[in-house]
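Engineer: Got a structure here, written out as structure tokens. Questions coming.
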Amino acid sequence: MNNSMLLMPTWAILTIVLVVVVAMLVAMLILVPFNVWFRALASGAHVSMLRLIGMKMRKVDYKLLVDTYIVSQKAGLNIPIVELETHLMAGGDIIKVVDALIASHSAKLDLTLELAKAIDLSGKDVVEAVKSSVVPKVIKTNWIEAVAKNGIQVKAVAQVTIKTKLDRQIGTADTDTILARVGEGIVTAIGQASTHNEIMSNPSIISKTILAEHLDKNTAYEILSIDICDVDIGNNIGAKLKIEDAESKKKIAQAAAEERKAQAVALEQEMKAKTQEMKALVLASEREVHMAMAAAMKNGKFSAMDYYKLQNLTADTKMRNSISGEKEDKSGGKPEER
Numbered sequence: 029m030n031n032s033m034l035l036m037p038t039w040a041i042l043t044i045v046l047v048v049v050v051a052m053l054v055a056m057l058i059l060v061p062f063n064v065w066f067r068a069l070a071s072g073a074h075v076s077m078l079r080l081i082g083m084k085m086r087k088v089d090y091k092l093l094v095d096t097y098i099v100s101q102k103a104g105l106n107i108p109i110v111e112l113e114t115h116l117m118a119g120g121d122i123i124k125v126v127d128a129l130i131a132s133h134s135a136k137l138d139l140t141l142e143l144a145k146a147i148d149l150s151g152k153d154v155v156e157a158v159k160s161s162v163v164p165k166v167i168k169t170n171w172i173e174a175v176a177k178n179g180i181q182v183k184a185v186a187q188v189t190i191k192t193k194l195d196r197q198i199g200t201a202d203t204d205t206i207l208a209r210v211g212e213g214i215v216t217a218i219g220q221a222s223t224h225n226e227i228m229s230n231p232s233i234i235s236k237t238i239l240a241e242h243l244d245k246n247t248a249y250e251i252l253s254i255d256i257c258d259v260d261i262g263n264n265i266g267a268k269l270k271i272e273d274a275e276s277k278k279k280i281a282q283a284a285a286e287e288r289k290a291q292a293v294a295l296e297q298e299m300k301a302k303t304q305e306m307k308a309l310v311l312a313s314e315r316e317v318h319m320a321m322a323a324a325m326k327n328g329k330f331s332a333m334d335y336y337k338l339q340n341l342t343a344d345t346k347m348r349n350s351i352s353g354e355k356e357d358k359s360g361g362k363p364e365e366r
């Protein structure tokens, strides 16, 4: 084989070498992004061709990665490009991480690359965290309603000035927790007041009560101040509750009265039924009397004259009763004594 190669003409060997060189150049043009490599080289942030080829093979956004790496090097941050690539592949935002590190470096904050990456991967805006750690931000509660001891409702709005603590960004509560705790503190402070006038005349009572509770514990922020920016009086809850209690007692009394009325009506109907029963017994007794009289007349023990005398006596009794009743009605009192 070597002998055959030696027997080949010189032009053939040159042709083969030229083809190999051209193939290597074509492969490099395809695999190596020369424009990106040259931009990094010209910016003083050298990236090897093999690393660029590896990024391309791993389907990493090498253009974004190299541009961010150039920015970090220009800002004087000694960040290895491997760290940026790893964070990008983990789903992080390398632009925000580098911007946050640049801002913290300018503000002389103690923010490391690992902490910046962790904050970014936790879902928080690391750039906003750095900014709010330098310049405190203000959050505001909604109207918080509570009732003083005298039953008057008081409404208040609080303005909370907070400062981000970078070392407490991972695994801690956010601003929603602070607002909830401040709202709870407002309710407690108003509820402890004897009258609503105490709060209206000195709203700082609420601020002092809340600040004493250390509401920023286990949160990502430090509370610098709590200011009550608006206070208003609401409804008279105490009076409203008394009215509702009175209405409830009134309904209970009405229900009891209706029950007694129903019992009285039932008793009246029962008495009417007993009256009818007594009348029936009287009629039955009268029937027995008439039957006895008939039997006595039949047996000759009671004559017709005796029957007429009895009827006259009965009629005389009825007449006397009727006369006695008329006199009682006319005089409006007892019958006249004779």
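When you read off a place in the sequence shown, starting at 1, and then add 28, the result is the number in the numbering used here.
Where a beta carbon is used, it is the ideal one built from N, C-alpha and C, also for glycine.
None of these values were measured; they are calculated from a predicted model.
1. Mark Trp-171 as exposed unless 16 or more other C-beta atoms lie within 10 angstroms of its C-beta, in which case mark it buried.
2. With 16 as the cutoff for other CB atoms within 10 Å, does Lys-124 come out buried or exposed?
3. Using the three-state DSSP reduction, which class does Glu-250 fall into: helix, strand or coil?
4. Expressed to the nearest angstrom, what Euclidean distance is found between the alpha-carbon atoms of Gly-106 and Ser-76?
5. Gln-181 bridges to which residues according to DSSP?
6. Along the chain, where does the alpha helix (DSSP H) containing Ile-109 start, and where does it finish?
7. Please name the residue or residues paired with Ala-201 in a DSSP beta bridge.
8. Thr-237 and Ala-217 look like a contact to me (Cβ under 8 Å); what is the Cβ gap, rounded to whole Å?
9. For Asp-138, does the three-state DSSP call read helix, strand or coil?
10. Return helix, strand or coil for Lys-326, following the three-state DSSP convention.
11. Using CA coordinates, which residue listed in Lys-165, Thr-200 and Lys-289 is at the minimum distance from Thr-189?
12. In the structure shown, what three-state DSSP assignment does Asn-264 receive?
13. Keeping to the same chain, check which residues put their C-beta closer than 6 Å to that of Ala-146; ignore five residues upstream and five downstream.
14. On the DSSP letters alone, give me the boundaries of the alpha helix (DSSP H) that Lys-91 sits inside.
15. Are the region 133 to 152 and the region 176 to 192 in contact at 8 Å, needing three or more beta carbon pairs?
16. Closest by CA to Lys-87, which one among Phe-66, Glu-113 and Asp-334?
17. With a 10 Å radius around its C-beta and 16 neighbouring C-beta atoms as the bar for buried, classify Tyr-90 as buried or exposed.
18. Across the region 304 to 312 and the region 213 to 231, are there enough close Cβ pairs to call them in contact, namely three or more that are closer than 8 Å?
19. Between the Cα of Lys-102 and those of Met-83, Gly-72 and Lys-279, spot the shortest distance and give me the residue it belongs to.
20. Check Glu-364 in the structure and name its three-state DSSP category.
21. To the nearest whole angstrom, what separates the beta carbons of Ala-70 and Val-94, a pair I think is in contact under 8 Å?
22. Val-158: which of Ala-248, Lys-300 and Ser-232 sits nearest, CA to CA?
23. In terms of DSSP beta bridges, what is Val-166 paired with?
24. DSSP three-state call for Asp-153: helix, strand or coil?
25. If we ignore side chains and look at the alpha-carbon of each, how far apart do Ala-343 and Ala-301 end up?
26. Just how far apart, CA to CA, sit Ser-222 and Lys-245?
27. Using 10 angstroms around the beta-carbon of Ile-44, count the other beta-carbons present and answer buried if the total reaches 16, otherwise exposed.
28. To which residues of the same chain is Ser-350 closer than 7 Å at the C-beta, ignoring the five residues directly before and after it?
29. In the DSSP output, which residue or residues are listed as bridge partners for Ile-233?
Structural biologist: With the given structure in hand:
1. Stepping through the sequence shown from its first residue, residue 171 is reached at position 143. Flag for Trp-171 reads exposed.
2. Stepping through the sequence shown from its first residue, residue 124 is reached at position 96. Lys-124 comes out buried.
3. For the purposes of this step, residue 250 is identified with residue 222 of the sequence shown, where counting begins at 1. Three-state result, Glu-250: strand.
4. As a working note, residue 106 is residue 78 in the sequence shown. As a working note, residue 76 is residue 48 in the sequence shown. Contrary to the premise, residue 106 reads as Asn rather than Gly in this sequence. Going from the Cα of Asn-106 to the Cα of Ser-76 covers about 17 Å.
5. Position 153 of the sequence shown, counting from 1, holds the residue named residue 181. DSSP, once it has assigned bridges, lists Val-175 as partnering Gln-181.
6. Working through the sequence shown from its first residue, we reach residue 109 at position 81. Counting along the chain, the alpha helix (DSSP H) containing Ile-109 begins and ends at 109 to 117.
7. Here residue 201 refers to the residue found at position 173 when the sequence shown is read from its first residue. Beta-bridge pairing links Ala-201 to Thr-247.
8. Residue 237 sits at position 209 when you count from the first residue of the sequence shown. Residue 217 sits at position 189 when you count from the first residue of the sequence shown. Contact holds; Cβ gap of about 4 Å.
9. The residue labelled residue 138 in the question sits at position 110 within the sequence shown. Asp-138 falls in the coil class under three-state DSSP.
10. Residue mapping note: residue 326 aligns to position 298 of the sequence shown, counting from 1. Helix, per DSSP.
11. Walking along the sequence shown from the start, residue 189 turns up at place 161. When each option's Cα is compared against that of Thr-189, the closest is Lys-165.
12. Numbered from its first residue, the sequence shown carries residue 264 at position 236. Strand, per DSSP.
13. Translated into the one-based positions of the sequence shown, residue 146 becomes position 118. Cβ within range, chain order: Ile-198.
14. Start at 1 with the first residue of the sequence shown, and residue 91 comes out as number 63. Start and end: 90 to 102.
15. no
16. One-based indexing of the sequence shown puts residue 87 at position 59. When only C-alpha atoms are compared, the closest one is Glu-113.
17. For the purposes of this step, residue 90 is taken as residue 62 along the sequence shown, with counting starting at 1. The residue in question, Tyr-90, is buried, as its Cβ has 16 or more Cβ neighbours within 10 Å.
18. no
19. Looking up residue 102 in the sequence shown gives position 74. Of the listed residues, the one whose Cα sits closest to Lys-102 is Gly-72.
20. The residue given as residue 364 occupies position 336 in the sequence shown. For Glu-364, the pLDDT reaches just 45, beneath the cut-off of 50, and the residue's location in the model is therefore unreliable, leaving the point undetermined.
21. Here the question's residue 70 lines up with position 42 in the sequence shown. Here the question's residue 94 lines up with position 66 in the sequence shown. Not confirmed; about 12 Å, so no contact.
22. Taking the sequence shown and counting its residues from 1, the one referred to as residue 158 is at position 130. Considering only alpha carbons, the answer is Ala-248.
23. To locate residue 166, count along the sequence shown from 1; it is residue 138. Note: Val-166 sits in a beta bridge opposite Thr-189.
24. Position 125 of the sequence shown, counted from the first residue, corresponds to residue 153. Asp-153: coil per DSSP, three-state reduction.
25. Your numbering for residue 343 matches position 315 in the sequence shown. Your numbering for residue 301 matches position 273 in the sequence shown. When rounded, the distance between both Cα atoms is 30 Å.
26. In the sequence shown, residue 222 corresponds to position 194, counting from 1. In the sequence shown, residue 245 corresponds to position 217, counting from 1. Distance between the alpha carbons of Ser-222 and Lys-245: 29 Å.
27. Your numbering for residue 44 matches position 16 in the sequence shown. The residue in question, Ile-44, is exposed, as its Cβ has fewer than 16 Cβ neighbours within 10 Å.
28. Translated into the one-based positions of the sequence shown, residue 350 becomes position 322. There are no such residues.
29. Taking the first residue of the sequence shown as 1, we reach residue 233 at position 205. Answer by DSSP bridge pairing: none, since Ile-233 is not bridged.
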